[in-house]
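Student: With my numbering applied, the sequence shown closes on residue 391, and no number is skipped along the way. Virtual Cβ for every residue (Gly too), placed ideally from N, Cα, C.
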Amino acid sequence: MSKVFTFLKGMAMGAADVVPGVSGGTVAFVTGIYDTLLESIRRINPGLITVIKQQGVKGAFNHINGTFLILLLSGILTSIFTLAQVITWMLVTHPIPLWSFFFGLIIVSVMHMFKQIEQWQVTRFISVAAGIFFAYGITVLHPLNMEPTHLNMMLAGSIAICAMILPGISGSFILLLLGMYGPILAAAKSFDIVTLALFASGCLIGLLSFSHLLSWLLRNYRDITLTFLTGLMIGTLNKIWPWKEVLTWRTNSSGEQVPLLEQNLSPFAFEQATGNHPLIIYALAAGILGFTTVWALEKFAAKTA
């Protein structure tokens, strides 16, 4: 049964990673598998060759917690391939309830992260502020317009995967900033094997290198690292605020008009500025659903730990 749960946690991570502004790392942390994930990835290094010589392939597979990684990756990929079209459709047709759901999810995730801090000191508050400042700065950056070349696909993967395993920083949003979100999502929907393989190879390179640094930080400076990561989550709330007005548009690589610059509005100002209904009741319901989803995941993780 634990294997099924690991797969389902992977699906939850994949669903979060599809949405720009939401991180699969947040889900991994809330579901209690974050440290296990980082440690498993960290063990994939040149030293694994020695393990293979001494213990064989099976011993090396157990050393890196291979079953866990395969189940988690299978869940992530299953979610990405099955939910990519649904998420894309909702971002276009029902953006307010969708963003409200993830806004509620982030709020309760921040509360969950703060519970993990063992000692609150001045350095912890400074770390939170630094995380907020850094993440907010990223959310207000202007998107680039990288061409979807083979090299850029790999580069985008190596950068985005670092964000995907950080609670708070969304790999999808990093892809948006790089101008590569559309091409990657289109490749996932059309099963473009070449593009996905290039992107995956970049992800592998970034993941194996960055996981060592993050794992070391959590082992040696856990509270400061956690408060910084929590600050990242708070800072990205600006990006996923449900009520926005598009100021300027850009044409993506598919020839479609997509938002370039947006500004956050109150629900009431949103109706005046856009002429669209703010859907406050639906937004509140979706936010509460996001809140209770994380609360349920937290309780579920505690029981299956």
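For G288 and L370, what's the separation of their Cα atoms in angstroms?
Tutor: Those two C-alpha atoms are separated by around 39 angstroms.
Student: Chain B beta carbons: is any one of them nearer than 8 angstroms to that of L299?
Tutor: Annotation note: the requested chain B is absent from the structure, which comprises a single protein chain.
Student: Could you tell me which whole alpha helix (DSSP H) segments of length 4 or greater appear in the stretch 116-193?
Tutor: The stretch 116-193 contains these whole alpha helix (DSSP H) runs: 120-128, 134-149 and 152-179.
Student: For L134 versus L300, is the C-beta distance shorter than 8 angstroms?
Tutor: Taking 8 angstroms as the Cβ cut-off, L134 and L300 do not qualify as a contacting pair.
Student: Please go through the same chain and pick out, in chain order, the residues whose beta-carbon is closer than 6 angstroms to the beta-carbon of F115, but skip the five residues on each side of it.
Tutor: Excluding positions up to five away in sequence, the list reads P253.
Student: For N350, does the three-state DSSP call read helix, strand or coil?
Tutor: Three-state result, N350: strand.
Student: Would you check if the stretch 312-324 and the stretch 207-214 touch, i.e. whether three or more CB-CB distances between them fall below 8 angstroms?
Tutor: Yes: at least three Cβ pairs fall under 8 angstroms.
Student: Given this structure, state the Cα-to-Cα distance separating F354 from W329, to the nearest angstrom.
Tutor: Approximately 9 angstroms, taken between the alpha carbons.
Student: What does the alpha-carbon distance come out to for the pair Q358 and P181?
Tutor: Q358 and P181: Cα-Cα distance of roughly 18 angstroms.
Student: At 3 residues or longer, what runs of the beta strand (DSSP E) sit wholly inside the stretch 260-339?
Tutor: With a minimum length of 3 residues, the continuous beta strand (DSSP E) runs that stay inside the stretch 260-339 are 330-337.
Student: Can the beta-carbon of D309 be found closer than 8 angstroms to that of Q205?
Tutor: Contact: yes.
Student: For the candidate residues G152, P132 and I279, whose alpha-carbon lies nearest to that of V167?
Tutor: Checking the sequence shown, residue 167 turns out to be Phe, not Val. Among G152, P132 and I279, the Cα nearest to that of F167 belongs to I279.
Student: If you reduce the DSSP assignment to three classes, tell me which class S195 lands in.
Tutor: Helix.
Student: Mapping the DSSP letters down to three states, classify G376 as helix, strand or coil.
Tutor: Helix.
Student: Assess contact between the stretch 282-296 and the stretch 176-196, defined as three or more Cβ pairs (one per stretch) separated by less than 8 angstroms. Is contact present?
Tutor: Short answer: they don't touch.
Student: For F285, which residues in the same chain have their Cβ closer than 8 angstroms to its Cβ, ignoring the five residues on either side in sequence?
Tutor: Cβ neighbours of F285 beyond the five flanking positions: M239, M240, A242, G243, I270 and A273.
Student: When you compare only the Cα positions, how much space is there between T153 and L304?
Tutor: C-alpha separation (whole angstroms): 23 angstroms.
Student: Checking 8 angstroms against the spacing of the C-beta atoms, do G190 and G361 come in under that value?
Tutor: No. Outside cutoff.
Student: Taking the straight line between their C-alpha atoms, what separation do you get for G265 and S126?
Tutor: If you take the alpha carbons of G265 and S126, they lie about 31 angstroms apart.
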